[in-house]
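In terms of the UniProt record's numbering, the sequence shown has 315 at position 315, counting the first letter as 1, and numbering is strictly consecutive.
Reviewing the structure listed below.
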Amino acid sequence: MKIFGKVQVLPILDGQLYDACHKDAVEKCHARKNWHETGVGSKGVMGPEPGYFVLTCLYRHAYDEDDVKLSASCLKEVRRVMRERSVSVRLMPEIADACFNDLAEKCSRKTGVGEELMCLQEMFVKLEPNCQDAVRKYTMMQSRDFRLNQALSKACRQVIKIYCLEFAHEEIDNGDMMDCLLEHKGVPEMNHKCRAYVSHTELISMKDYRFTFKFRQACRSDVEQYCTSKADNADKYSRSNVVHCLSEILIVRIMLGEGPELKKECRKQLRAEYLKLDNAERIIDPELLDVCEADISKNGCQAYETTMLVTECLKEHKLDLEPACRKYIFRKEKLEFNDNTFDGMLQRVCASEIRKLCSTVGHENVLHCLEGHKDDLTMSDDCAELVNKRQHEQASDIRLMPVLYSSCSKEIRELCKNEYTLLKSFPDEDIQGKVIGCLRQWLTENNSKMSDKCRIELKHVIYNTEIDPTLDIPFYTACKSELDRLCADGYATGVGGHRGILECIKARYAEGTVKDETCKQQILRVMKEELADIHLDVNLYQACAMDVRHYCDDVQSGDSKILSCLLSAAQSSNARLSDECRSKLQDRQLIWAKAIKERRDVRPPETVVEFAHFVAGSPARSSLLIALMMCLLIFFACGMLCGRITRRIRRDLKNR
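Have a look at this one:
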């Protein structure tokens, strides 16, 4: 047996392999008919051992993912020999020959079984091209057949026996064994050596997506067509870059219905790889470490065990993050909100609620369903808290609200052009609710330009902000100091929770104690939205629900019609509103009167009859009637004056 440095090379191949593969070697590898023999070649020259080259060709065909051309018996024998070589040989000769310099320079101290290959894999991006190619090919083979990694197979024998035995019996596991070991990384039987080998495999898979068999098998054509063909950077094959590229394609497809569509099997595997990264026990995503390391340390996020929990910690401090880290978090949010199956935390914490409450909804849209059941008594506190957290994250950007975005995509482009330009200019940055604010303004000022689909979904969003005004970013940002000053006792102690915030600040506004002008504008903007549809004034509608059904059941919703009906009923001798409804209407009339007194752009019901009812029922009706009488007197005086001038002109003309 020959020795290359520390590398032993088997001189000949056994008869079992020769018998099974003789024909394949001659036909597929252009071998001589006596290829198993050493000695003089066809030209009378002593050549290298032919078995080495024939075996290299045979195992290339044996692990060919596109088309296995070997016969079944030969295929079985080639894989057997490869596994035996991985046991008896420290390093494959094809790697040893290509990596002679890199082994000497970078891995000379690694002398244990399997350590040389592990060293080369860890130094993968720094290897010479020929060595890198040899290491890549063998690592790709290992990712498909765990038995080629004998160090891992030996160290993890107990875990495999208890948890992964079904994959050990397969002829070739195609990556199932490594998935199983990763899934059971925390079990008691996982010893230190096994954990180290599994972690090593997990880390090197980040260097090249092709080191994960299932990922490259499912997504290779999509990656080559849409990602690597358009990139020329050295790490274009890195797992994080490929995941990012495919994710962006998926987001554009979901949100806009534009661009290429990933194959179904690639989308499924992309999700699996994304969740693997999130569930890793330590941060293995190099981009996250690169752009967020300082923020992780500053905000104490290093205390969390998994990437998912570290990311959740960073989300809680999003406004304080460095720009690059904030962009990274926003990209993750875009993917997770547009396809909720990528949100591992939501799928895990709300698993029971998803089964019970949202079984008829696709898992990619379960958040929208869960929002509608947030007050359901069967929803656990943990799930309700997480849904509430996700709603607050959504509020920062319409791209995190896929249902609203798709429903209003035409309106965004045509009615909110400036805001749409911002979306295009800052694809990886949240723009703090600007697009949503624009749509809300159109709803109150000229909703005839909006489609029914957009109007309905926008009202759903507004309804949620009525229940929890902290979801209304412009309002909460403008009024936070006033809320702390005037309403702290109401919502800080939990009386009414967030639902009490809006009622409190409206009452303080009517009293005249709200001083901040920006906050006043936001309060009036909220009032205008409520006037557009009584259902958006949650507290008023709840107080008057029975009265609406009794007196206004045949009135169409929208454009203040139901509110006009209630005001008419309040003034009618034939109708008797409930005390709760009448009291709440009087509160609203007080606020409207205050708004009109300050000449704000708030429009109660608009017809003459409706306005008469509004004035008559207003606590400030005296002031309003005086103002109205003054306008009429001025109008009458102008009429009399103009009339006198007209008559004089006619008389002068007649006298001539």
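Just so you know, even glycine gets a beta-carbon here, dropped at the ideal spot from N, CA and C.
Residue i by DSSP, collapsed to three states: which one?
| i | result |
| --- | --- |
| L17 | helix |
| L321 | coil |
| I284 | coil |
| F213 | helix |
| D308 | For the record, residue 308 in the displayed sequence is Met; it is not Asp. M308: helix per DSSP, three-state reduction. |
| L377 | coil |
| N101 | helix |
| Q571 | helix |
| F337 | helix |
| F330 | helix |
| residue 658 | Residue 658 is absent from the model: the chain starts at 1 and stops at 656. |
| R32 | coil |
| H184 | coil |
| M178 | helix |
| H244 | helix |
| V435 | helix |
| R576 | coil |
| D360 | Contrary to the premise, residue 360 reads as Thr rather than Asp in this sequence. Three-state result, T360: coil. |
| Q441 | helix |
| Q269 | helix |
| P427 | coil |
| S451 | coil |
| V78 | helix |
| Q586 | helix |
| Y237 | coil |
| L58 | helix |
| G257 | coil |
| Q556 | coil |
| I524 | The question names Ile, yet the displayed sequence has Leu at residue 524. Looking at L524 - three-state DSSP - the assignment turns out to be helix. |
| G500 | helix |
| N539 | helix |
| A395 | coil |
| C227 | coil |
| N299 | coil |
| M401 | coil |
| K515 | coil |
| I249 | helix |
| S221 | helix |
| V609 | Note on V609: pLDDT 40, under 50, position unreliable in the model; the coordinate value appears next. The answer is helix: DSSP assigns V609 an H, G or I state. |
Less than 7 Å separating the beta-carbons of residue i and residue j?
| i | j | result |
| --- | --- | --- |
| D430 | D382 | no |
| F215 | Q132 | no |
| L203 | I284 | yes |
| C99 | D24 | no |
| R239 | Y274 | no |
| S407 | C454 | yes |
| C565 | C552 | yes |
| C438 | E414 | no |
| Q522 | P469 | no |
| C194 | M177 | no |
| E394 | L386 | Glu is not the amino acid found at residue 394; the sequence shown has Gln there. Contact: no. |
| L262 | L250 | yes |
| Y197 | L148 | no |
| N340 | L367 | yes |
| A570 | L563 | no |
| L58 | V78 | yes |
| R282 | D428 | no |
| V159 | M190 | yes |
| V461 | L422 | no |
| F211 | T306 | no |
Given 6 Å as the limit, tell me if residue i has its C-beta closer than that to any heavy atom belonging to the ligand SAM.
| i | result |
| --- | --- |
| C581 | Within the structure as shown, the ligand SAM is missing, as the structure has no ligands at all. |
What runs of the alpha helix (DSSP H), each 4 residues or longer, lie entirely inside the segment 108-146? 115-122 and 129-144
At least three beta-carbon pairs within less than 8 Å, the segment 538-557 to the segment 576-593: yes
Inter-stretch contact (C-beta, 8 Å, three-pair minimum) for the segment 342-351 and the segment 314-323: no
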